[in-house]
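One structure is given here, and the rest of the page talks about it.
Number of protein chains: 2
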Amino acid sequence: MTTRKYEPLSPETVAERLGAIDAIRARAGDPAAWSVREVGDGNLNLVFIIDGPGGSVIAKQALPYVRLVGEGWPLPLKRAFFEYNALIRQEARDPGSVPEVFHFDEEQALVVMEFLSPHVILRHSLMAGKRHAGLGGVLGRFCARTLFRGSDLSMKTADRKADLALFAGNVELCDITENLVFSDPYFEAEMNRHTPQLDPIVAELRADIDLKIAAQHMKSAFATNAEAMLHGDLHTGSVMVSDSETRVIDPEFATYGPMGFDIGMLIANFLMAYFAQPGHAETEGSRADYQDWILSVVDEIWSEFSTEFTRLWREERHGILYERALFEDQGHDLGAEQARLDRLAAIWRDTLGFCGIEMHRRTLGLAHIAEYDQIADEALRAQCEARGLRLGRALAVRRATITSMDEVLDLARHINQETIL
Amino acid sequence: MTTRKYEPLSPETVAERLGAIDAIRARAGDPAAWSVREVGDGNLNLVFIIDGPGGSVIAKQALPYVRLVGEGWPLPLKRAFFEYNALIRQEARDPGSVPEVFHFDEEQALVVMEFLSPHVILRHSLMAGKRHAGLGGVLGRFCARTLFRGSDLSMKTADRKADLALFAGNVELCDITENLVFSDPYFEAEMNRHTPQLDPIVAELRADIDLKIAAQHMKSAFATNAEAMLHGDLHTGSVMVSDSETRVIDPEFATYGPMGFDIGMLIANFLMAYFAQPGHAETEGSRADYQDWILSVVDEIWSEFSTEFTRLWREERHGILYERALFEDQGHDLGAEQARLDRLAAIWRDTLGFCGIEMHRRTLGLAHIAEYDQIADEALRAQCEARGLRLGRALAVRRATITSMDEVLDLARHINQETIL
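These protein sequence lines are chains A and B, in that order. Reading the first sequence from the start, the letters are residues 1 to 421 in our numbering. Reading the second sequence from the start, the letters are residues 1 to 421 in our numbering.
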């Protein structure tokens, strides 16, 4: 199969085409007994569940276009190569955090990997009002470990530069981020859409010069500040949860960029889920406690990120930056600690900036979130969305003056009480 | 010759090995009449002047090691490939600023290019007390044009990402910068040397935690902030001048990095030439006017850089950053102008940081400058060097609070009056 030209799989051809691969047979058993379903509900790819007598696996295959849009929006198959390369690096840097990869075929743009069961997409849990113990901790540590260990703080610089060059090839997916996240929401771009009741606030934001400058400064940081290998699309639709476990999936947008991008996007999606709760409440106010829980997860993500980043800084700072030869080895441990505080402060500012922009683009751009979209009452939906827009603006523009997570959460609570529209 | 394995040229073999190449014959004429001299006085390469009946050309060939040190310090031949790629990009971005390339042979690590005559290395002029009209303007525009046009402000992003990947291969030369510039000067690294009388101030600087943190923050920016294609080694030994012309040479350290790196290194070398003047004065005080001239060049470099950067921002901002669709096209020209001021302020801060570090490493590290080294009187040399160290410390640590070139030049004049040792 490795010499065969690219051809999309179908449920009917999966057993014939993948059945001879040992690594898959070893997990799924005899291909003659496989049952195959196509379950891709994402925007981009084919996803098959292969149920066999030995167990189940996932086969994810890229299509040469954006599935959501069709052949009119071509997208390179090579994204499977970037996803595979990101997955194996994330597994090495934070073992157990991502699905295990069993097989990769570059020509077929195919990754065969662990089937996560009974996991569900976190975003669905956040609509259903379901809690997951330890969620923020796992996600905070995932960010700290993959970002720290994917940077010049830890890697051999020749390895980092080789990886930088490798992921610089992920042009088209970066291009989607660069356009859809940072620019389109701030003018009347063709693919934008928003809830009609938001018109006045949308007009206000698109006339807001400070905000647009902030968005472009963040775009500049995303495009040029190659601090660490990012997941690149770390929202609550890229997280799968069970009662006991949290896993991160879908890193096809992986690229080198600023650490705050992953953390900021992740936090933004929790904050939007927070504002969306009135639209999912069984009775008025019934989600108040759940909203508090969501904010506690946001708090935990940052707190665990900075705790783990600090531990790694002290124990695994083996890269070319802030070398021990200059600090600890000279009895200047305090210098290394002060430098760490500077770095964390810079990551924090970036985190707030990216968080604010993500809250805008998920409301004003092409790709929205289910938590808002599934609120049938348009006026209520607009009210929830408007609150997210307001917080996003404050975080993006005031990222240098808001210095603690308490301030962010207070601001969220304050805005949540406001009637904006 | 293109299929021949790498072999260093010698004056005896140049005509035989290069004589058949049309592009060289076209400039130098009949190889039978060539006269060839090896003139490499740099640290790394072989440099031949080929004088023929048609004219003269330069053949620069990399050696597989650092010439200054010998075979014990291997260095990849591929640096010729990076030099060639940088030269043709600089020529495209600032026509006439670099030597014209006639021939490139990757296997032989060889670039054959324009022989600049009667140009001399700028560093020698700065010791001889010679003035060059318009020098700062040419250098400031060179920085603005190569940096702006080599960034996401101007390039197609796919082209920039491909170039980022290409220059990410220049690992070993970046490694030299990363170690020798940002780290070695701040502890007792093996290859360091300094004028003995500097011992007390060296001890002070190496115990200065704020300075070491600043140096490492700048190292982090150099290693990860891939803002633009840099020259990478833009000091006054990489500039050739005649009475009427200024050219920039030797971009083999080219890499993607922060714009302020090139500008800061360049300015640092002028400021060190300024402090070195008492060591080259014919009589005491005879170089006072010349010192003023050097400071006026520093002033002109930044002023011309920012003027040209502003022009390019307004006229050639065709990249993915700060798009017109968001600003000018919405009647928000002022937003684009404010964003430009933010960017210039960030480049300025970087410039000061890199400038300060360069002034340290050229006094405390492996690679020194002739302006200091050729001061025979050790006590006087140490006095000049100490002033440079003092200014460097102030610029690196106070890069966020010093906001104008006037402040930098006042500080330089103030320190120049001090008796430090």
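Ideal Cβ placement from N, Cα and C applies to all residues, glycine included.
Hey, how far is the Cα of residue i from the Cα of residue j?
{"i": "B/Val239", "j": "B/Leu110", "result": "20 Å"}
{"i": "A/Ala33", "j": "A/Ala168", "result": "42 Å"}
{"i": "B/Thr419", "j": "B/Gln383", "result": "7 Å"}
{"i": "A/Glu385", "j": "B/Asp262", "result": "45 Å"}
{"i": "B/Glu323", "j": "A/Gly392", "result": "21 Å"}
{"i": "A/Ala346", "j": "A/Arg340", "result": "10 Å"}
{"i": "B/Ala20", "j": "B/Arg390", "result": "55 Å"}
{"i": "B/Ala336", "j": "A/Arg399", "result": "20 Å"}
{"i": "A/Met155", "j": "A/Gly319", "result": "5 Å"}
{"i": "B/Val248", "j": "B/Ser97", "result": "6 Å"}
{"i": "B/Gln374", "j": "B/Arg381", "result": "8 Å"}
{"i": "A/Glu178", "j": "B/Glu12", "result": "55 Å"}
{"i": "A/Leu334", "j": "A/Glu328", "result": "8 Å"}
{"i": "B/Glu7", "j": "B/Glu114", "result": "22 Å"}
{"i": "A/Arg314", "j": "B/Tyr256", "result": "29 Å"}
{"i": "A/Leu295", "j": "B/His217", "result": "33 Å"}
{"i": "B/Arg145", "j": "B/Leu230", "result": "11 Å"}
{"i": "A/Leu266", "j": "A/Tyr186", "result": "21 Å"}
Output, in chain order, the set of chain B residues within a Cβ distance shorter than 8 Å of residue i.
{"i": "A/Gln217", "result": "The question names Gln, but residue 217 of chain A in the sequence shown is His. By Cβ distance, chain B contributes Ala339, Asp342."}
{"i": "A/Leu321", "result": "Gln216, Lys219, Ser220, Ala223"}
{"i": "A/Asp152", "result": "Ser220, Ala223, Thr224"}
Residues of chain A with a CB under 9 Å from the CB of residue i: which are they?
{"i": "B/Gly169", "result": "Lys161, Ala162, Ala165"}
{"i": "B/Thr157", "result": "Val171, Cys174, Asp175, Glu178, Ala223"}
{"i": "B/His332", "result": "Ala207, Ile209, Lys212"}
{"i": "B/Ser183", "result": "Ile320, Glu323, Ala325, Leu326"}
Starting from residue i, find everything on chain A with Cβ-Cβ shorter than 7 Å and list it in chain order.
{"i": "B/Phe253", "result": "Correct list: empty, because the minimum Cβ distance to chain A is about 14 Å."}
Count the other C-beta atoms from every protein chain shown that fall within 10 angstroms of the C-beta of residue i, then say buried if there are 16 or more, exposed otherwise.
{"i": "B/Lys219", "result": "buried"}
{"i": "B/Arg413", "result": "exposed"}
{"i": "B/Leu68", "result": "exposed"}
{"i": "A/Trp73", "result": "exposed"}
{"i": "A/Ile415", "result": "buried"}
{"i": "A/Asp350", "result": "buried"}
{"i": "B/Ala28", "result": "buried"}
{"i": "B/Lys60", "result": "buried"}
{"i": "A/Val14", "result": "buried"}
{"i": "B/Asp210", "result": "exposed"}
Just verifying my parser: in three-state terms, what is the DSSP assignment at residue i?
{"i": "B/Val298", "result": "helix"}
{"i": "A/Ile201", "result": "helix"}
{"i": "B/Met1", "result": "Low per-residue confidence applies at B/Met1: pLDDT is 45, beneath 50, and the placement is therefore not dependable enough to give any value."}
{"i": "B/Glu38", "result": "strand"}
{"i": "A/Asp233", "result": "coil"}
{"i": "B/Met265", "result": "helix"}
{"i": "A/Lys60", "result": "strand"}
{"i": "B/Thr13", "result": "coil"}
{"i": "B/Asp377", "result": "coil"}
{"i": "A/Leu110", "result": "strand"}
{"i": "B/Ser404", "result": "coil"}
{"i": "B/Tyr322", "result": "coil"}
Would you kindly check if the distance between the Cβ of residue j and the Cβ of residue i is under 9 Å?
{"i": "B/Arg361", "j": "B/Tyr372", "result": "no"}
{"i": "A/Val241", "j": "A/Leu409", "result": "no"}
{"i": "A/Pro251", "j": "A/Gly232", "result": "yes"}
{"i": "A/Thr246", "j": "A/Gly134", "result": "yes"}
{"i": "B/Leu481", "j": "B/Asp184", "result": "No information on residue 481 of chain B is available, as it lies outside the stretch 1 to 421 that chain B covers here."}
{"i": "B/Glu304", "j": "B/Leu122", "result": "no"}
{"i": "A/Ile201", "j": "A/Leu421", "result": "yes"}
{"i": "B/Ala268", "j": "B/Gly150", "result": "no"}
{"i": "A/Gly285", "j": "A/Trp348", "result": "no"}
{"i": "A/Ala223", "j": "B/Asp152", "result": "yes"}
{"i": "B/Leu164", "j": "B/Ala215", "result": "no"}
{"i": "A/Leu173", "j": "A/Leu87", "result": "no"}
{"i": "A/His132", "j": "A/Asp243", "result": "yes"}
Show which residues of chain B have a CB atom less than 9 Å away from the CB atom of residue i.
{"i": "A/Leu230", "result": "Simply none; closest approach about 13 Å."}
{"i": "A/Ser117", "result": "Here the premise fails: no neighbours, minimum Cβ distance about 38 Å."}
Which residues of chain A have a Cβ atom closer than 8 Å to the Cβ of residue i, listed in chain order?
{"i": "B/Glu114", "result": "Result: empty, since nearest Cβ-Cβ is about 31 Å, beyond 8 Å."}
{"i": "B/Tyr186", "result": "Leu326"}
Please compile the residues from chain D whose C-beta is within a distance smaller than 7 Å of the C-beta of residue i.
{"i": "B/Glu227", "result": "Within the model displayed, chain D is absent; protein chains A and B are what it includes."}
So which residues of chain B does residue i contact, with C-beta pairs closer than 7 Å?
{"i": "A/Gly335", "result": "Ile209, Lys212, Ile213"}
Cβ of residue i versus every heavy atom of the ligand ZN: is any distance shorter than 8 Å?
{"i": "A/Ile375", "result": "The model depicted lacks the ligand ZN and carries no ligand whatsoever."}
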